[in-house]
Structure formats: C-alpha cells, structure tokens
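Worksheet: one structure, shown below.
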Amino acid sequence: MMYTFGDVRRCLPEVSKLVEDIVRDQIINLVIMSKTNSKAIQAAALAQKRSSRFISSDDLMFLVRSDKSKLSRIKEYIFWKEVRKNMKGTDEVGLAEGAAPEKKNKRKHITVGWNFLESFQEFVQDESDFPKGASLDESFKKRLEENDKVTRNMSREEYMDYADCRSASFYAKKSKRFKEWINLGAYIDVKASEEVFELLGYLCWESVKTITENALIVKWDELMAERKNQLNNVDIGLFAAPLEQRPIQPSHIMEAYRRLQKSKDVSAPRKCLKRVRLF
Numbered sequence: 003m004m005y006t007f008g009d010v011r012r013c014l015p016e017v018s019k020l021v022e023d024i025v026r027d028q029i030i031n032l033v034i035m036s037k038t039n040s041k042a043i044q045a046a047a048l049a050q051k052r053s054s055r056f057i058s059s060d061d062l063m064f065l066v067r068s069d070k071s072k073l074s075r076i077k078e079y080i081f082w083k084e085v086r087k088n089m090k091g092t093d094e095v096g097l098a099e100g101a102a103p104e105k106k107n108k109r110k111h112i113t114v115g116w117n118f119l120e121s122f123q124e125f126v127q128d129e130s131d132f133p134k135g136a137s138l139d140e141s142f143k144k145r146l147e148e149n150d151k152v153t154r155n156m157s158r159e160e161y162m163d164y165a166d167c168r169s170a171s172f173y174a175k176k177s178k179r180f181k182e183w184i185n186l187g188a189y190i191d192v193k194a195s196e197e198v199f200e201l202l203g204y205l206c207w208e209s210v211k212t213i214t215e216n217a218l219i220v221k222w223d224e225l226m227a228e229r230k231n232q233l234n235n236v237d238i239g240l241f242a243a244p245l246e247q248r249p250i251q252p253s254h255i256m257e258a259y260r261r262l263q264k265s266k267d268v269s270a271p272r273k274c275l276k277r278v279r280l281f
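This is the structure:
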C-alpha cells in the first residue's frame, strides 16, 4: 500500500509494523472519542433524533466536522459508494425480464447521511462547510492526476503490478481480519455497524497515505541535506545525478508523525479532543 503513495516496492517490515501501530492507535482513539461525543450529543440536540447504542457513521463525521478537507473526503467516499450501489441496482432491474425502460434525463436521487450536521449551527458557520458535487469532482480529479504522473512512464507489467498494489484495502475482502485487528470489543461495550467498519477501513487507508507522504518529505529533506554536504554548496542543476532511491526508514515515520502531531489540530477544536489526530 505504501508503494502506491511513493515508497519503494518492498517497504521495510519494521516500517510497515510501525505505520500499522500508529494507524490503529489513531483509529481506536477516534472510535472511543466518537462514542463519548455521541452520548453528549444525545443528551443535548440529538436526544430524540437518535438514541442508539451503536456507533454510526454520523458519529465519525461529527467528530471531524471542523476539518473541511477530512469531512469532504469522507463525504466523497460515501457519495461514490451510494452511486455504485444505485448503479448496481439499476443494472439488475434493467436485466430483469420485462423491465420497463426508464425515461431519459431522469436522475435518481442519491441520499447521503451527513445532512444532520446542518442542525448544529454552533459548529457550522456557512454552507461552504459542506462541499458540493463540484468539490467532490475536484478531489477525484486531483487523485487521477497524481496517479497519472506516477504511472505515465511505466511499462505494462509495472502498471499491472502498481494497479494490484493500489487495490489494497484494509476492509475489502478482509473484513474479518480487519475487525480482529481493530478489536473494538476490548475498548468499548457498544457495537459498530458494517458501514462503520468499512468507513474505518477507508480512514485507515487515508492515514497511511498521509503518513507516507509526510515521511517522504522528511526523507527528501534528509537526502537534500546529504547532497548539499557532498557537493559542498554546489547547486543541484537539471542534469545532476538522481538521488538514490531508498526505502522510508522508521526515523522518517516518527519524524513525520511528530510534525503531524505538532501541527495545528483543526479537527479537534475542544480540549478534550486535542489528543486525537486523524491526520
């Protein structure tokens, strides 16, 4: 998985284990704080709207409500999931014998679950806090452009290998193993739905991406400092030899994590949530 975010093809085992531990710790903290926060909500504004003993995707979205970027990516994931589900249902109906053809230009309404956030005016300042379809499209296009830059000069075999690595997931086809890895039962006495586990898997993927990208920045700074010392203040030009491709080291991961923790935590405005950093 880290390979698709910029690391070498075979990352160091100790680095993989370190990233797993960091991501799991952050997700566990997120779930615990999510349920604690959910109870507070039920006692106030949502007491009559939702009084469930189950963790829901609403709890997770409420926790990251102040981080527009994070909230936008969660919405993007849920939106495209709903689109795929509706398209699958449409295909099945179309293949059914005697199914009536749908009218052209008729668009099926996609129902998503984040509208409840709009009822909390103390946390939402304006409508820009809720990215519309254009924002989702821009995020999707940006990821396509990033993948295009990486794969542009790959051979067919290299691209097939990259595509296989890119399809790696924490939850898809590994739901049982993922639940055992998270082991929520050891920390909370409530249950989580399959939708929540799937969303947690996506957040794990996002966290690995963020850690890897920041670790690459740390590694690049380190390599540039080494090159500067080697060249004795000679500028690195366009035709300079390429920097050696080295795997991300545990020290890079720890420094990246330290920088992320030190940076301003926009996703946790209240003191009780400052220890949670969902990258």
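Sequential numbering of the sequence shown, starting at 3, is according to the working numbering. Don't be surprised by glycine CBs; every beta carbon is placed ideally from N, CA and C.
Asked, Found
"Reference Leu146, options Val33, Arg168, Ser157, Asp163, closest by Cα", "Arg168"
"Rounded Cβ spacing between Ala217 and Ile255 (contact assumed at less than 8 Å)", "5 Å"
"Host alpha helix (DSSP H) of Tyr189 (start-end)", "No alpha helix (DSSP H) contains Tyr189, which DSSP labels as neither H nor E."
"Extent of the continuous alpha helix (DSSP H) run through Ala165", "158-168"
"Extent of the continuous alpha helix (DSSP H) run through Ile255", "252-264"
"Closest Cα partner of Phe180 within the set Val17, Met162, Asp191, Leu201", "Leu201"
"The segment 63-78 contacting the segment 220-227, beta-carbon criterion three pairs below 8 Å", "no"
"DSSP beta-bridge partners of Ala194", "Ile57"
"Reference Val10, options Glu215, Gln263, Glu228, Asn231, closest by Cα", "Glu215"
"Alpha-carbon spacing of Tyr161 relative to Gln247, whole angstroms", "19 Å"
"Among Pro249, Pro252, Gly8, nearest to Lys151 - alpha-carbon criterion", "Gly8"
"Closest Cα partner of Asp61 within the set Lys178, Arg261, Ile34", "Ile34"
"Cβ-Cβ separation, Ile29 to Cys206 (assumed contact under 8 Å), whole Å", "6 Å"
"Residue environment, Lys178, which counts as buried when at least 16 other CB atoms sit within 10 Å", "exposed"
"Arg261 versus Ala174 - alpha carbon distance", "31 Å"
"Per-residue DSSP class, three states only, for Phe172", "coil"
"Burial state of Ser58, where buried means 16 or more other Cβ atoms lie within 10 Å", "buried"
"Same chain only: Cβ atoms within 6 Å of Phe125, ignoring 5 sequence neighbours per side", "Legend: pLDDT at Phe125 = 46, less than 50; position of this residue unreliable, no value from coordinates given."
"Status (buried if at least 16 other CB within 10 Å, exposed otherwise) for Gly187", "exposed"
"Cα-Cα separation, Met3 to Asn185", "22 Å"
"Separation of Ile80 from Lys176, as counted between CA atoms", "19 Å"
"Local Cβ density within 10 Å of Lys230, reported as buried at 16 or more and exposed below that", "exposed"
"Cut-off 8 Å between Cβ atoms - residues of its own chain near Ile219, not counting five sequence neighbours on either side", "Ala258"
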